[in-house]
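Enquirer: Pasting a structure here, questions to come.
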Amino acid sequence: MKIRKAVFTAAGLGTRLLPATKAQPKEMLPLVDKPIIQYVVEEAVASGIEQIIIVTGRGKRAIEDHFDIAFELEYFLSQKGNNGALTEMRQISDLADICYIRQKAPLGQGHAILVTKYLVGNEPFAVFFADDVIDSAVPCMKQMTAVYERYKCSVVAVQEVPREAIARYGVIAAQPIDDRIYRITGFVEKPRLEEAPSNLGIVGRYILTPEIFDILEKISPGQGGEIWLADALHQLLERQAIYGYRFEGTRYDTGNKLGYLKATVEYALKRPDLGEEFLAYLRGLDLGEAKKKE
Numbered sequence: 244m245k246i247r248k249a250v251f252t253a254a255g256l257g258t259r260l261l262p263a264t265k266a267q268p269k270e271m272l273p274l275v276d277k278p279i280i281q282y283v284v285e286e287a288v289a290s291g292i293e294q295i296i297i298v299t300g301r302g303k304r305a306i307e308d309h310f311d312i313a314f315e316l317e318y319f320l321s322q323k324g325n326n327g328a329l330t331e332m333r334q335i336s337d338l339a340d341i342c343y344i345r346q347k348a349p350l351g352q353g354h355a356i357l358v359t360k361y362l363v364g365n366e367p368f369a370v371f372f373a374d375d376v377i378d379s380a381v382p383c384m385k386q387m388t389a390v391y392e393r394y395k396c397s398v399v400a401v402q403e404v405p406r407e408a409i410a411r412y413g414v415i416a417a418q419p420i421d422d423r424i425y426r427i428t429g430f431v432e433k434p435r436l437e438e439a440p441s442n443l444g445i446v447g448r449y450i451l452t453p454e455i456f457d458i459l460e461k462i463s464p465g466q467g468g469e470i471w472l473a474d475a476l477h478q479l480l481e482r483q484a485i486y487g488y489r490f491e492g493t494r495y496d497t498g499n500k501l502g503y504l505k506a507t508v509e510y511a512l513k514r515p516d517l518g519e520e521f522l523a524y525l526r527g528l529d530l531g532e533a534k535k536k537e
């Protein structure tokens, strides 16, 4: 069955980016001139996703407003003859068929996926973490759907993780079976380096079969009283195969300050209207002087 639907988890409080996220969703912080979540929606659309379900929480109304029609703004741009900006604004509201559902309490990523059960229905679906931006020639989820179509099982995106960062990731135990494809045999959540079964960490892209909902409904809350997707994947692995896919591309965790800064710089450098001038600015910085101030 074709992957038609995608769940976006966007209900988090954004505590790693405070105070910027005190009154603004982290997903709406700009990368150059587009909010983070728009890049992820564009990846989903370019991957053939037909319907997007965004799980939001209190204070996330700006996400809905961004993808809605802005009548007053469009009228103003039309009156000013700013047709370029007008076209761009209309393209945003026409990007995708989007619906929204609230996660009423911060009960974990697993719970955020569970609340979409009746919107997803009995079919495989994609999951995007809305603050994970992946820059790639072929959209990451499009790469993953090709793997799903081959094996008809759940697929988890993974990347090689530096030794010093292993403890921040869910890590897979797996057997390589093809180029960039692994048959997963286990999951270890945030292991110490010496306990990690591999250097392949899970990032915010999944294709899941609908059996995951039955597991999420019955699973006991884990650490912090939250329902963890990793715990549900452990149980799903007992029922069916799960594959890891080491995607081609660069992933930016924009939910933390350093990842956000890296993404901002690199996306600005890629812009034909900004890149050359911005690069000249960066080259002109006195980095030695900045280092003295540390």
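Okay, so the sequence shown: first residue is 244 according to my numbering, each after it adds one.
C-beta: ideal position from N, C-alpha, C; glycine also.
Pull up the CB-CB distance for I450 and V398, whole angstroms please, since I reckon it's below 8 angstroms.
Expert: By 1-based counting over the sequence shown, the position of residue 450 is 207. By 1-based counting over the sequence shown, the position of residue 398 is 155. Contact holds; Cβ gap of about 4 angstroms.
Enquirer: Given that a residue counts as buried once 16 or more other Cβ atoms are within 10 Å of its Cβ, and exposed if not, what is S441?
Expert: Locating residue 441 in the sequence shown gives position 198, counting from the first residue. S441 is buried by the Cβ-count criterion.
Enquirer: Is it a yes or a no for the region 458–465 touching the region 402–410, going by three-plus beta-carbon pairs under 8 angstroms?
Expert: At 8 angstroms Cβ cutoff, the stretches do not touch.
Enquirer: In whole angstroms, what separates the C-alpha of E366 from that of T452?
Expert: Start at 1 with the first residue of the sequence shown, and residue 366 comes out as number 123. Start at 1 with the first residue of the sequence shown, and residue 452 comes out as number 209. For E366 and T452, the distance between alpha carbons rounds to 7 angstroms.
Enquirer: Using a threshold of 8 angstroms, state whether the C-beta atoms of G429 and A439 are closer than that.
Expert: For the purposes of this step, residue 429 is taken as the residue at position 186 of the sequence shown. For the purposes of this step, residue 439 is taken as the residue at position 196 of the sequence shown. It is not a contact, given that the beta carbons lie outside the stated cut-off.
Enquirer: Between the Cα of T507 and those of L338, P278 and K461, spot the shortest distance and give me the residue it belongs to.
Expert: Position 264 of the sequence shown holds residue 507. With distances taken between Cα atoms, T507 lies closest to P278.
Enquirer: Using a 10 Å radius around the Cβ and a threshold of 16 neighbouring Cβ atoms, would you call A355 buried or exposed?
Expert: The count along the sequence shown starts at 1 and reaches residue 355 at position 112. The residue in question, A355, is buried, as its Cβ has 16 or more Cβ neighbours within 10 Å.
Enquirer: Between V376, F372 and A313, which has its C-alpha nearest E509's C-alpha?
Expert: Along the sequence shown, one-based indexing puts residue 509 at 266. Selected option, being the one with the closest Cα: V376.
Enquirer: Report back the beta-carbon spacing between E293 and L338 to the nearest angstrom; my notes put them in contact at under 8 angstroms.
Expert: On the sequence shown, position 50 is the one that residue 293 refers to. On the sequence shown, position 95 is the one that residue 338 refers to. About 12 angstroms separates the two Cβ atoms, so there is no contact after all.
Enquirer: To test your reading of the DSSP string, which unbroken alpha helix (DSSP H) runs of 4 or more residues are found completely within the region 421–490?
Expert: Taking only runs of at least 4 residues, the alpha helix (DSSP H) segments lying wholly in the region 421–490 are 454–461 and 472–482.
Enquirer: Is A254 closer than 8 angstroms to Q346 when the C-beta atoms are compared?
Expert: Locating residue 346 in the sequence shown gives position 103, where the first residue counts as 1. Locating residue 254 in the sequence shown gives position 11, where the first residue counts as 1. Taking 8 angstroms as the Cβ cut-off, Q346 and A254 qualify as a contacting pair.
Enquirer: If we require 4 or more residues per run, which alpha helix (DSSP H) segments fall completely within the region 306–351?
Expert: Within the region 306–351, the complete alpha helix (DSSP H) runs of at least 4 residues are 314–323 and 326–336.
Enquirer: Please list, in chain order, all residues of the same chain as Q418 whose beta carbon is under 6 angstroms from its beta carbon, the five residues on each side excluded.
Expert: Position 175 of the sequence shown holds residue 418. Excluding residues within five positions, the ones whose Cβ falls inside 6 angstroms are R426.
Enquirer: For I470 and L357, what's the separation of their Cα atoms in angstroms?
Expert: Taking the first residue of the sequence shown as position 1, residue 470 is located at position 227. Taking the first residue of the sequence shown as position 1, residue 357 is located at position 114. Going from the Cα of I470 to the Cα of L357 covers about 9 angstroms.
Enquirer: Going by beta carbon distance, what residues of the same chain come within less than 7 angstroms of G447, once the five residues before and after it are set aside?
Expert: Sequence index remark: in the sequence shown, residue 447 carries index 204 (1-based). Here the set comprises F371, F372 and D375.
Enquirer: Going by the DSSP bridge assignment, what does K277 pair with across the sheet?
Expert: If you number the sequence shown from 1, residue 277 lands on position 34. Partner(s): L274.
Enquirer: Anyone know if the C-beta pair for A369 and I246 falls short of 8 angstroms?
Expert: As a first step, residue 369 is located in the sequence shown; it is residue number 126 there, counting from the start. As a first step, residue 246 is located in the sequence shown; it is residue number 3 there, counting from the start. Yes, the pair counts as a contact, with Cβ atoms nearer than the cut-off.
Enquirer: Take L459 as the anchor and find which of I295, G351 and K500 has the nearest alpha-carbon.
Expert: Position 216 of the sequence shown, counted from the first residue, corresponds to residue 459. Taking only the C-alpha atoms, the option nearest L459 is G351.
Enquirer: By DSSP's criteria, I415 is part of a beta bridge. Which residues make up the other side?
Expert: Here residue 415 refers to the residue found at position 172 when the sequence shown is read from its first residue. Answer by DSSP bridge pairing, in chain order: F430.
Enquirer: Relative to the C-alpha of I312, which candidate in D340, L479, G502 and G364 has its C-alpha closest?
Expert: As a working mapping, residue 312 is identified with position 69 in the sequence shown. Ranking D340, L479, G502 and G364 by Cα distance to I312 puts D340 first.
Enquirer: Tell me, please, whether the CB atom of E438 is closer than 8 angstroms to any CB atom in chain D?
Expert: The chain labelled as chain D is not found in the depicted structure, where only one protein chain is given.
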